[in-house]
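Residue numbers (the numbering used here): 6 to 99.
The structure under discussion appears below in the form of structure tokens.
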């Protein structure tokens with residue numbers, strides 16, 4: 006039987022998951038009615054990707070497994086929590 010690490014992780018799986026699942030710093034700002042998303046590397050030392058989402062204001066950005074989740078209003082240039090779309094992005098492929 007394989008010994009468990011603190012938190013119940015199996016040792017050989019723990020090292021594989023650590024390399025796949027890393028937290029990232031994401032900064033969202035609105036510039037002239039566009040959402041600009043800056044994604045930093047796992048160490049938060051360097052800007053990795055910057056996305057400009059034209060004519061959409063994303064009011065929620067989160068993560069699910071290894072994907073970034075963007076929840077945006079449908080109306081151009083407006084936050085609209087009643088009419089939304091959800092987009093997924095893999096930060097490793099852009």
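Every residue gets a Cβ at the ideal spot worked out from N, C-alpha and C, and that includes glycine.
Contact under 8 Å by Cβ, residue i with residue j
i, j, result
"residue 92", "residue 75", "yes"
"residue 66", "residue 41", "no"
"residue 57", "residue 46", "no"
Backbone secondary structure at residue i - three-state DSSP
i, result
"residue 48", "coil"
"residue 38", "coil"
"residue 58", "strand"
"residue 22", "Any reading at residue 22 is ruled out, since the residue's pLDDT is 44, under 50, leaving its predicted position unreliable."
"residue 95", "coil"
Option nearest residue i by Cα separation, candidates the options
i, options, result
"residue 37", "73, 59, 90", "59"
Any non-hydrogen atom of the ligand NAD closer than 7 Å to residue i Cβ
i, result
"residue 47", "Among the components of this structure there are no ligands whatsoever, and the ligand NAD is therefore not found."
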